[in-house]
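Undergrad:
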Amino acid sequence: MTNLYDEAYRQSIQDPETFWGNAAEDIHWYKKYEKVLDDSKKPMYRWFAGGELNTCYNALDVHIDRGRGDRVALIYDSPVTQTIKKYTYRDLRDEVAKFAGVLVEQGVVKGDRVVIYMPMIPEAAVAMLACARIGAIHSVVFGGFAAKELATRINDATPKVIVSASCGIEVTRVIKYKPLLDEAISLSAVKPEKCIIFQRPQEIAALTPGRDIDWAAAMTNAQPVDCVPVAATDPLYILYTSGTTGQPKGVVRDNGGHAVALKWTMKAIYDIDEDDVWWAASDVGWVVGHSYIVYAPLFKGCTSVFFEGKPVGTPDAGVFWRVISQHRVKCMFTAPTAYRAIKREDPKGLLVKDYDMSSFKILFLAGERSDPDTIQWSEKNLNVPVIDHWWQTETGWAIAANCMGLHHFPVKYGSPTKGVPGWDVQALDESCNQMAPGEIGALSVKLPLPPGTLTTLWQNDRRFVESYMEEYPGYYKTADAGYIDDEGYVYVMSRTDDIINVAGHRLSTGAMEEVLADHPEVAECAVLGVADNLKGQIPIGFLVLNAGVERSHDEIIREVVQMVRERIGPVAAFKKATVVKRLPKTRSGKILRGTIQKIADNQDYNVPATIDDPTTLGEMAEALSKIGLAKARQA
Numbered sequence: 001m002t003n004l005y006d007e008a009y010r011q012s013i014q015d016p017e018t019f020w021g022n023a024a025e026d027i028h029w030y031k032k033y034e035k036v037l038d039d040s041k042k043p044m045y046r047w048f049a050g051g052e053l054n055t056c057y058n059a060l061d062v063h064i065d066r067g068r069g070d071r072v073a074l075i076y077d078s079p080v081t082q083t084i085k086k087y088t089y090r091d092l093r094d095e096v097a098k099f100a101g102v103l104v105e106q107g108v109v110k111g112d113r114v115v116i117y118m119p120m121i122p123e124a125a126v127a128m129l130a131c132a133r134i135g136a137i138h139s140v141v142f143g144g145f146a147a148k149e150l151a152t153r154i155n156d157a158t159p160k161v162i163v164s165a166s167c168g169i170e171v172t173r174v175i176k177y178k179p180l181l182d183e184a185i186s187l188s189a190v191k192p193e194k195c196i197i198f199q200r201p202q203e204i205a206a207l208t209p210g211r212d213i214d215w216a217a218a219m220t221n222a223q224p225v226d227c228v229p230v231a232a233t234d235p236l237y238i239l240y241t242s243g244t245t246g247q248p249k250g251v252v253r254d255n256g257g258h259a260v261a262l263k264w265t266m267k268a269i270y271d272i273d274e275d276d277v278w279w280a281a282s283d284v285g286w287v288v289g290h291s292y293i294v295y296a297p298l299f300k301g302c303t304s305v306f307f308e309g310k311p312v313g314t315p316d317a318g319v320f321w322r323v324i325s326q327h328r329v330k331c332m333f334t335a336p337t338a339y340r341a342i343k344r345e346d347p348k349g350l351l352v353k354d355y356d357m358s359s360f361k362i363l364f365l366a367g368e369r370s371d372p373d374t375i376q377w378s379e380k381n382l383n384v385p386v387i388d389h390w391w392q393t394e395t396g397w398a399i400a401a402n403c404m405g406l407h408h409f410p411v412k413y414g415s416p417t418k419g420v421p422g423w424d425v426q427a428l429d430e431s432c433n434q435m436a437p438g439e440i441g442a443l444s445v446k447l448p449l450p451p452g453t454l455t456t457l458w459q460n461d462r463r464f465v466e467s468y469m470e471e472y473p474g475y476y477k478t479a480d481a482g483y484i485d486d487e488g489y490v491y492v493m494s495r496t497d498d499i500i501n502v503a504g505h506r507l508s509t510g511a512m513e514e515v516l517a518d519h520p521e522v523a524e525c526a527v528l529g530v531a532d533n534l535k536g537q538i539p540i541g542f543l544v545l546n547a548g549v550e551r552s553h554d555e556i557i558r559e560v561v562q563m564v565r566e567r568i569g570p571v572a573a574f575k576k577a578t579v580v581k582r583l584p585k586t587r588s589g590k591i592l593r594g595t596i597q598k599i600a601d602n603q604d605y606n607v608p609a610t611i612d613d614p615t616t617l618g619e620m621a622e623a624l625s626k627i628g629l630a631k632a633r634q635a
């Protein structure tokens, strides 16, 4: 018997133009598109060519025009400043229209770039939507990013204006943004005409005369402006992702396909309706913040929680439950690392019991592989479905998921379930042939990609094709390795460069991590392949233990080594592990495996710009030296 998912998936693959044409009926168009899919310049596909719309109108004004202006659009919840503020759709539209007027006053017109370098405050969303309102292209850079990294993005995007704030606020410190911004501009060959600075009371920054403009002062006399129609194929934003060459790749998202796909996902994947409260606990500096803090929930007309805090320490490991309870959140989306941090601080989930969680129906996890142990801990303590799903900065939304608004499939631990409608996911060998069910290959997506995905890299079509389309002709290369089982469930094992070769055997470090995470006293873990003269590579395990563990580390290491031997086999050659206080991570929670590997292999390394806490690299080097691996030098 077919279900809504099966019908949607079949049509999306066999007749994508009808499928996405139907979805596009839910979007406001100034001018109807001439063609749903323009495939005249493969692999540079374009969706809704000839159509005109405005992203900001679809996110804000349309709901006001339909009588829902008093619906709460954003709830700003900031435990670091002890602030809660609610914005209705009308409130937010009025702020956005005025700030769009500020940008117009500074000479920003359709097609100009605006770099946004801000913390998790509502003004960041206002700036993004104001750019969309006038057809300017925004490029959000994670607040607090190092000056050098910000400079490379300024050079590439060539912004007319930069919008920033005086500071960001972390658990234990205030990060001054203005000196970082000033240094970035001095390093950059490209100089913005103006910088608009939002002054936070925790840090009043000195403004540079002639260049800097005070946000509040500019808003006082600003004239609100209306939405500007743009082509569906015009860029909405540029979002930089790390490139293998060290030069960041500017992922370009268009207006039309983005609005159609993201609005569709809110119900189809997340089961969110207009009257629901939704929370994506991420940052506007990352793709999740673009797609699911700002754009998709506002397209849908629901309420989006805008959270400035951390899963632990603001003030404790119960803050997520407080936010869910207080704001009556139905569905949450965050990274597995957030829940691992909570689990480490509160292994038995005792803090959940302090809150009324009756509104909460579904938890979604993404951003890295969700280990079965974290999913099971969350299921047990929250008593709701816990859904792993898989996507990337480039894709903008989920490649594979349990589409809860279409059909709830049984969860298979370790799998983000099946390809989402629109995504023809296949595991390929090096000759572009499909692998048999259960065999690991390069996970790839048959072209065309669905709407809302990257259309190119900013001013670099050649690099776009080389990076994503050349290795497997006719497919998008995800650079993730994995397999698809005989029921169509996708298993993302690791990045293709995380498949290690141990004495000729191709092994997934992700499969070993699953085993380690199953140990009751392991809160977090990572497995990496390090160079070995005999076997080529051998796996090394890094364990972060739960709070309060008093047992001998050697004993726990012996147990996890035995677990890998039993579940994967002696072929894994897993014999070494070490306990560490913390794993080096990016600010978005991804483990910096490549950097750890360089330290282990005694190669010089650079401190990544995205690192959350550089001191973790020293701790890692010390732990590696204890198990006989050389300590590398910072380059």
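All residue numbers for the sequence shown refer to the working numbering, where the first residue is 1 and numbers rise by one. Each residue gets a CB set at the ideal place from its N, CA and C atoms; glycine is no exception. Please read all numbers here as calculations on a predicted model, not as lab measurements.
With a CB to CB cut of under 7 Å and the five nearest residues on each side skipped, what residues in its chain are close to A147?
TA: The residues are L180, E183, A184, L187.
Undergrad: Could you please give the first and the last residue of the uninterrupted beta strand (DSSP E) stretch that includes K35?
TA: Note, K35: beta strand (DSSP E), 35-38.
Undergrad: May I ask you to list the residues that DSSP assigns as paired with V637?
TA: In the structure as shown, the chain starts at 1 and stops at 635, and residue 637 therefore has no counterpart that could be examined.
Undergrad: Going by DSSP in three states, Q603 sits in which element: helix, strand or coil?
TA: In the structure shown, Q603 sits in coil (DSSP, three-state: anything other than H, G, I, E or B).
Undergrad: Name the DSSP bridge partner or partners of I196?
TA: Answer is V163, I213, bridged to I196.
Undergrad: Give, in chain order, every unbroken run of the beta strand (DSSP E) that is at least 3 residues long and sits entirely within the stretch 42-130.
TA: Correct list: 46-49, 72-78, 83-88, 113-117.
Undergrad: Would you kindly work out how many angstroms separate the C-alpha atoms of R90 and D70, rounded to a whole number?
TA: Computed Cα separation, rounded: 6 Å.
Undergrad: If you follow the beta strand (DSSP E) that K31 is part of, which residue opens it and which one closes it?
TA: Element bounds for K31: n/a, residue is neither H nor E.
Undergrad: Nearest-angstrom Cα distance between V579 and D480?
TA: Spanning the two alpha carbons is a distance of roughly 27 Å.
Undergrad: Output yes or no for whether 8 Å exceeds the beta carbon distance between V502 and A600.
TA: Going by C-beta atoms, V502 is not nearer than 8 Å to A600.
Undergrad: Is the stretch 340-347 touching the stretch 308-326 in the sense that three or more CB pairs, one from each, lie closer than 8 Å?
TA: Yes: at least three Cβ pairs fall under 8 Å.
Undergrad: Let me check understanding here. Comparing Cα to Cα, which of G452, A577, L624, M44 lies closest to N255?
TA: Cα-wise, what sits closest to N255 is G452.
Undergrad: Tell me which same chain residues have a C-beta within less than 7 Å of the C-beta of H553, skipping the five on either side of it?
TA: Hits under 7 Å: V579.
Undergrad: By Cβ distance, which residues of its chain are closer than 7 Å to I196, with the 5 residues on each side in sequence left out?
TA: Around I196: V102, V161, V163, I213, W215, A218.
Undergrad: Let me make sure I understand the geometry here. Which of A531, S139, L516, I269 has the alpha-carbon closest to that of V251?
TA: Among A531, S139, L516, I269, the Cα nearest to that of V251 belongs to S139.
Undergrad: Shortest alpha-carbon distance to I293 belongs to which of I121, P248, P192?
TA: Minimum Cα distance to I293 is reached at I121.
Undergrad: What first and last residue would you give for the alpha helix (DSSP H) that runs through G21?
TA: 16-24 is the extent of the alpha helix (DSSP H) around G21.
Undergrad: Determine the direct distance from the alpha carbon of I596 to that of V527, and round the result to whole angstroms.
TA: Approximately 10 Å, taken between the alpha carbons.
Undergrad: With a CB to CB cut of under 7 Å and the five nearest residues on each side skipped, what residues in its chain are close to G482?
TA: Excluding residues within five positions, the ones whose Cβ falls inside 7 Å are A427, I440, L443, V490, Y491, V492, M493.
Undergrad: Would you grab the beta carbon distance between P229 and N54 for me? Rounded to a whole angstrom, and I think it's under 8 Å.
TA: The Cβ separation is near 6 Å, so the contact holds.
Undergrad: Counting C-beta neighbours from all protein chains within 10 Å, is the total for S40 16 or more, i.e. buried, or is it exposed?
TA: Looking at its Cβ environment, which holds fewer than 16 other Cβ atoms inside 10 Å, S40 is exposed.
Undergrad: Using 8 Å as the cut-off, can you tell me whether the stretch 601-616 makes contact with the stretch 584-591, which would need three or more C-beta pairs spanning the two stretches below that distance?
TA: They touch, by the three-pair rule.
Undergrad: Using the C-alpha atoms, what's the distance from V190 back to D276?
TA: Using only the alpha carbons, I get a separation of about 44 Å.
Undergrad: Under the rule that 16 or more other beta-carbon atoms within 10 Å means buried, what is T18, buried or exposed?
TA: By the 10 Å Cβ count, T18 comes out exposed.
Undergrad: May I have the straight-line CA-CA distance separating R211 from E193, to the nearest angstrom?
TA: Going by the C-alpha atoms only, they are around 7 Å apart.
Undergrad: Could you spell out where the beta strand (DSSP E) holding S304 opens and where it closes?
TA: 303-307 is the span of the beta strand (DSSP E), which, as asked, contains S304.
Undergrad: Please determine, among L60, S378, G313, the residue with the shortest C-alpha to C-alpha distance to D226.
TA: The option with the nearest alpha carbon to D226 is L60.
Undergrad: Pop quiz: P448 and L37 are said to be a contact at Cβ under 8 Å. What is the actual Cβ separation, rounded to whole angstroms?
TA: Confirmed, about 6 Å.
Undergrad: Distance, Cα to Cα, L239 vs K353?
TA: Distance between the alpha carbons of L239 and K353: 39 Å.
Undergrad: So for V190, helix, strand or coil by DSSP?
TA: DSSP places V190 in coil when its eight states are reduced to three.
Undergrad: Pull the bridge partners of W279 from the DSSP assignment, please.
TA: Bridge partners of W279: V305, M332.
Undergrad: Between which two residues does the alpha helix (DSSP H) holding Y468 run?
TA: Residues 461-468.
Undergrad: At which residue ranges does the stretch 358-413 contain complete beta strand (DSSP E) runs of 3 or more residues, listed in the order of the chain?
TA: Listed in chain order, the complete beta strand (DSSP E) runs (minimum 3 residues) inside the stretch 358-413 are 362-365, 386-388.
Undergrad: Hey, D388 and A517 are a contact pair by Cβ (cut 8 Å); roughly how many whole angstroms apart?
TA: Not really, about 13 Å apart at Cβ, beyond 8 Å.
Undergrad: Using a Cβ-Cβ cutoff of less than 6 Å, which residues in the same chain neighbour I627 once the five nearest sequence positions on both sides are dropped?
TA: The answer, listed in chain order, is K576, T578.
Undergrad: Tell me whether T244 is buried or exposed, calling it buried when 16 or more other Cβ atoms sit within 10 Å of its Cβ.
TA: Its pLDDT being 48, under 50, T244 is placed unreliably by the model, and the measurement read from it follows with that caveat. T244 is exposed by the Cβ-count criterion.
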